[in-house]
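Under my numbering, the sequence shown has 569 at position 239, and the numbering climbs by one with no breaks.
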Amino acid sequence: MRVGVEFGQVFSVRGAAKKLLTCRVVFGRLRVAVVVPAFNEELAVAATVRSVPGFVDHVLVVDDASADRTFHEASRHLRRGLEVLRHPENRGVGAAIATGYRRARELDVDVAVVMAGDGQMDPADLPSLLAPIAAARADYVKGNRFRAPGVWRAMPPARLAGNILLSLATRVTSGYTHLFDSQCGYTAASRRALEVIHHTGLFPRYGYPNDLLARLHAAALTVEDVPVRAVYGPHWRSGIRLRTVIYPMSFVLLRSWARRVLGGPIRVEVPERAPAEPSCASAS
Ligand SMILES: Nc1nc2c(ncn2[C@@H]2O[C@H](COP(=O)(O)OP(=O)(O)O)[C@@H](O)[C@H]2O)c(=O)[nH]1
Ligand SMILES: [Mg+2]
């Protein structure tokens, strides 16, 4: 069991002038798993696993029946708590995350973070995602790239337009009118959120974040969004194609909206929110 963690301590060699940055984040006894969904990510998955900060207790890679060497590459890095799970056939990103969440629940972690296997999530943002859960302020935390500087330059224009449109639609269909960037997959789920997801399920393909937010809202969970950096490297690619996502996405949004208007709340026995940890202390 962890008693405290230190993240991203960077000291210069000599003196205060060369001291670049010291950031110490104490999350107390919080046990953290990082779930890494990966489909044909042989080029990026090893670096993604390597980038997960040392304080994370479990790294759960879920290879969604990749046709390439994703499984091999993900298993290469010898680190404490690394598990590489594999679907026998491709089931979609939502299903891959559900597999990781199931394992995280078995491991009895306090928080399960999702970090895609394509290296699009900056590990430096991890403490921001954990802090609202450590402070017992939120049950689920998601990244919001629109609250971070540089998003307008970093994100390709078609992505900007799609994300803005879907974020506005998801405000209506989910009920969380204070949230934005619904498509950001960088998230942290507390035990309470994992419990709701365990009982209500997760949409298996693209569209799972929009569906999930609606389910969390129906279960009356508190969701917060925090700024995270938009990462679109030179080799960026995505499995999202307009013609293949338009129907499932419309279905998910319409279903969430109809459930919200007609269905009423989801009744799930969720555990009490854990008390606040001594959350964040910065040293210089
Ligand atoms: N395209 C695709 N990605 C999957 C699947 N299963 C898991 N993933 C992973 O889910 C993550 C997000 O997918 P990506 O296509 O990059 O979505 P985007 O970042 O929103 O454009 C990546 O790490 C994928 O490797 C799947 O069936 N299809
Ligand atoms: Mg991606």
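Glycine included, every Cβ here is placed at the ideal spot set by N, Cα and C.
Between residue i and ligand 2, is the CB less than 7 Å from at least one heavy atom?
i	result
A446	yes
S512	no
S497	no
S568	yes
Looking at residue j and residue i, is the spacing between their C-beta atoms short of 8 Å?
i	j	result
G537	V582	yes
V382	V364	yes
A376	E403	yes
A374	G449	yes
V444	Y516	yes
D555	L509	yes
S405	N370	no
A560	R589	no
R433	L415	yes
S586	S504	yes
G473	D511	yes
H528	R380	no
What does the alpha-carbon distance come out to for the pair residue i and residue j?
i	j	result
A606	A461	10 Å
A519	L496	21 Å
R522	Y431	12 Å
A499	L408	42 Å
G422	D394	7 Å
T574	R359	43 Å
P487	T530	34 Å
N493	Q513	6 Å
R475	R410	30 Å
R378	G480	Note that residue 378 corresponds to Thr in the displayed sequence, not to Arg. In a straight line, the C-alpha of T378 is about 22 Å away from that of G480.
W482	G593	38 Å
L572	R535	14 Å
H417	L490	32 Å
I463	V439	13 Å
L456	V471	11 Å
For residue i, write down the residues that DSSP places opposite it in a beta bridge.
i	result
D555	K472
V389	V364, L412
S520	V441
Between residue i and ligand 4, is there a pair consisting of the residue's CB and a ligand heavy atom that are separated by less than 7 Å?
i	result
F401	As presented, the structure is devoid of ligand 4, carrying ligand 1 and ligand 2 as its sole ligands.
Tell me whether residue i, by its Cβ, gets closer than 7 Å to a heavy atom of ligand 1.
i	result
E371	yes
V423	yes
N493	no
A442	no
N420	yes
P367	yes
A404	no
G631	As shown, the chain starts at 331 and ends at 614. That puts residue 631 outside it, with no answer to give.
G515	yes
H426	According to the sequence provided, residue 426 is Ala. The question's His does not apply to it. A426: yes, Cβ under 7 Å from ligand 1.
D398	no
D455	no
D635	Outside the shown range of the chain, which is 331 to 614, sits residue 635, and nothing can be said about it.
D541	no
D394	yes
My assumption, with CB atoms under 8 Å, is that residue i sits in contact with residue j. Please give the rounded CB distance.
i	j	result
Y506	V553	6 Å
E419	L390	Between L390 and E419 the Cβ distance is about 19 Å, and since that is not below 8 Å, they are no contact.
A446	P557	That pair is no contact at about 18 Å.
L437	H388	6 Å
A604	A466	6 Å
L542	A428	In fact, because the Cβ distance is near 10 Å, the residues do not count as touching under 8 Å.
Y577	M485	Rounded, the Cβ-Cβ distance is 24 Å, inconsistent with contact.
P595	E525	In fact, because the Cβ distance is near 15 Å, the residues do not count as touching under 8 Å.
V362	V386	5 Å
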